[in-house]
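Step one of this worksheet: look at the structure below.
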Amino acid sequence: MKMHAMKTPNVALLVYDHFSPFHVPVPCIVFGDHVLPGHKLFNLTLCAGEPGPLHSAEGLSFGPAMGLEALETADIVIVPGWREPAERPHQSLLNALCSAYRRGATVVGLCLGTYVLAYAGLLNGKRASTHWEYEQDFLQRFPAVVLDTNALYVEDGHLITSAGTAAGLDCCLNLVRLSHGSTIANKLARRLVIPPHREGGQAQYIEQPLPATTQDSRINQLLDHLRENLQQDFSLDELAQRVLMSRRSFTRHFQNATGLSVGAWLLAERLKHSQELLESTATSIDRIAGLVGFQSASILRQHFKKRFGVSPRDWRRTFQGRR
Numbered sequence: 000m001k002m003h004a005m006k007t008p009n010v011a012l013l014v015y016d017h018f019s020p021f022h023v024p025v026p027c028i029v030f031g032d033h034v035l036p037g038h039k040l041f042n043l044t045l046c047a048g049e050p051g052p053l054h055s056a057e058g059l060s061f062g063p064a065m066g067l068e069a070l071e072t073a074d075i076v077i078v079p080g081w082r083e084p085a086e087r088p089h090q091s092l093l094n095a096l097c098s099a100y101r102r103g104a105t106v107v108g109l110c111l112g113t114y115v116l117a118y119a120g121l122l123n124g125k126r127a128s129t130h131w132e133y134e135q136d137f138l139q140r141f142p143a144v145v146l147d148t149n150a151l152y153v154e155d156g157h158l159i160t161s162a163g164t165a166a167g168l169d170c171c172l173n174l175v176r177l178s179h180g181s182t183i184a185n186k187l188a189r190r191l192v193i194p195p196h197r198e199g200g201q202a203q204y205i206e207q208p209l210p211a212t213t214q215d216s217r218i219n220q221l222l223d224h225l226r227e228n229l230q231q232d233f234s235l236d237e238l239a240q241r242v243l244m245s246r247r248s249f250t251r252h253f254q255n256a257t258g259l260s261v262g263a264w265l266l267a268e269r270l271k272h273s274q275e276l277l278e279s280t281a282t283s284i285d286r287i288a289g290l291v292g293f294q295s296a297s298i299l300r301q302h303f304k305k306r307f308g309v310s311p312r313d314w315r316r317t318f319q320g321r322r
């Protein structure tokens with residue numbers, strides 16, 4: 000979706016009770032007039048998304064000058080999070096969002112704001128993103144939405160949704176890029192001291208712990224042995240013999256106990272251990288590949304990039320920083 004509007008876009012930022020003290024200020028910073036003095040990029044209006052006093056859980060309060068009528072002339076409508084996934088927003092808010100979308104406005108849900116767009120029915124049959132921790136809850140509530148749990152933000156026509164917390168910045172910068180081009184977006188990013196575009200997606204932040212133990216004591220002993228010797232090569236026949244089973248019986252027991260095949264479990268453990276070494280040591284990537292059982296650094300990079308969306312080097316930069 001490309002906007003590059005000739006006029007200055009009108010941005011309506013919704014505020015609701017128990018609003019997030021992060022998600023509301025982020026669009027205020029990006030779409031306000033203070034980051035790039037002398038550049039009137041957007042007309043930003045804060046509007047009440049529901050009646051009554053509007054407070055954050057931390058005690059902050061907002062008194063927006065306008066209500067939902069601001070959506071009638073908005074080019075971009077932003078829902079900055081939502082207080083409770085199980086709570087359906089006021090119908091008046093949902094109607095206003097649908098009306099703005101039908102009129103051609105771009106409707107944006109940051110983090111759990113995706114829930115609000117989904118409650119409005121705008122995301123049915125569309126691709127969307129939200130915080131990875133709410134994946135199963137969201138899919139259960141909105142099975143008609145195609146949820147991308149890795150993307151930092153997703154564009155589907157005039158609907159844009161973002162992943163959790165800091166991904167709201169990525170999403171808002173993308174809106175600047177769509178409206179005014181990359182040069183302005185990059186300049187704004189520099190003033191904010193943030194990258195204009197982040198590599199990878201949510202996969203690098205999602206916790207995917209493997210079970211430390213299972214209900215099968217023989218398999219548990221084998222898992223301990225495998226973890227202590229990840230640098231070795233293992234054959235199914237060797238492992239089956241170690242637990243005194245036939246190969247066929249062993250593969251069935253292992254799958255039942257761990258939910259994974261032997262190969263998939265070993266790959267996951269090797270990648271997990273490589274993450275730990277990248278975060279906590281200065282060991283070279285070549286050396287790490289050998290320590291965790293990959294035949295070469297290139298094979299480690301291939302699997303790492305496929306699983307997490309970033310290279311081992313970028314992972315180290317992100318989670319360890321410069322030593």
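Its first residue numbered 0, the sequence shown is counted upward by one per residue in numbering that gives the first Met the number 0. We treat Cβ as the ideally placed atom computed from N, Cα and C, and that holds for glycine.
Simplified DSSP state of residue i, which is helix, strand or coil
i           : result
residue 87  : coil
residue 283 : coil
residue 108 : strand
residue 23  : coil
residue 33  : coil
residue 161 : strand
residue 332 : Given that the chain is displayed from residue 0 to residue 322, the structure contains no residue 332 and the question cannot be resolved.
residue 278 : helix
residue 199 : Caution is warranted here: a pLDDT of 47 is assigned to residue 199, below 50, making its placement in the model unreliable, and the coordinate value is therefore given only provisionally. Residue 199 falls in the coil class under three-state DSSP.
residue 155 : strand
residue 55  : strand
residue 303 : helix
residue 17  : coil
residue 141 : coil
residue 308 : coil
residue 273 : helix
residue 128 : coil
residue 121 : coil
residue 216 : helix
residue 260 : coil
residue 295 : coil
residue 208 : Confidence in residue 208 is poor, its pLDDT being 47 and thus under 50, which makes the residue's placement too unreliable to answer from.
Residue i versus residue j: straight-line alpha-carbon distance, rounded
i           : j           : result
residue 159 : residue 256 : 40 angstroms
residue 315 : residue 224 : 27 angstroms
residue 248 : residue 267 : 22 angstroms
residue 289 : residue 296 : 8 angstroms
residue 107 : residue 317 : 27 angstroms
residue 44  : residue 31  : 9 angstroms
residue 162 : residue 303 : 21 angstroms
residue 29  : residue 221 : 53 angstroms
residue 199 : residue 305 : Because the pLDDT at residue 199 is just 47, under 50, the model does not fix this residue reliably, and the value given afterwards should be weighed accordingly. C-alpha separation (whole angstroms): 10 angstroms.
residue 204 : residue 51  : Residue placement at residue 204 cannot be trusted, given a pLDDT of 44 that sits under 50; what the coordinates show is reported in the next sentence. Going from the Cα of residue 204 to the Cα of residue 51 covers about 36 angstroms.
residue 99  : residue 27  : 20 angstroms
residue 113 : residue 13  : 13 angstroms
residue 308 : residue 242 : 36 angstroms
residue 311 : residue 238 : 30 angstroms
residue 287 : residue 273 : 6 angstroms
residue 35  : residue 185 : 11 angstroms
residue 170 : residue 148 : 15 angstroms
residue 164 : residue 244 : 48 angstroms
residue 347 : residue 278 : Any question about residue 347 goes unanswered here, given that the chain covers just 0 to 322.
residue 300 : residue 66  : 51 angstroms
residue 130 : residue 9   : 27 angstroms
residue 19  : residue 25  : 10 angstroms
residue 72  : residue 101 : 12 angstroms
residue 280 : residue 60  : 45 angstroms
residue 265 : residue 11  : 49 angstroms
residue 252 : residue 275 : 29 angstroms
Contact under 9 angstroms by Cβ, residue i with residue j
i           : j           : result
residue 15  : residue 62  : no
residue 166 : residue 187 : no
residue 117 : residue 140 : yes
residue 54  : residue 89  : no
residue 143 : residue 156 : no
residue 235 : residue 250 : yes
residue 146 : residue 127 : yes
residue 22  : residue 80  : yes
residue 68  : residue 97  : no
residue 84  : residue 137 : yes
residue 180 : residue 231 : no
residue 95  : residue 70  : yes
First and last residue of the uninterrupted alpha helix (DSSP H) at residue i
i           : result
residue 182 : 181-191
residue 228 : It is not in any alpha helix (DSSP H) - residue 228 carries neither H nor E in the DSSP assignment.
residue 257 : 246-257
residue 45  : Where residue 45 is concerned, there is no enclosing alpha helix (DSSP H), although the beta strand (DSSP E) it sits in stretches over 42-47.
Endpoints, beta strand (DSSP E) assigned at residue i
i           : result
residue 11  : 9-14
residue 311 : Unbroken run through residue 311 is the alpha helix (DSSP H), 311-318; no beta strand (DSSP E).
residue 242 : Element bounds for residue 242: n/a, residue is neither H nor E.
residue 79  : 75-79
Near the ligand SAH: residue i beta-carbon under 8 angstroms from a heavy atom
i           : result
residue 181 : The ligand SAH is not among the ligands present in this structure, which contains no ligands whatsoever.
Contact with chain B by residue i, beta-carbon distance below 9 angstroms
i           : result
residue 189 : The structure shown contains no chain B; it is built from a single protein chain.
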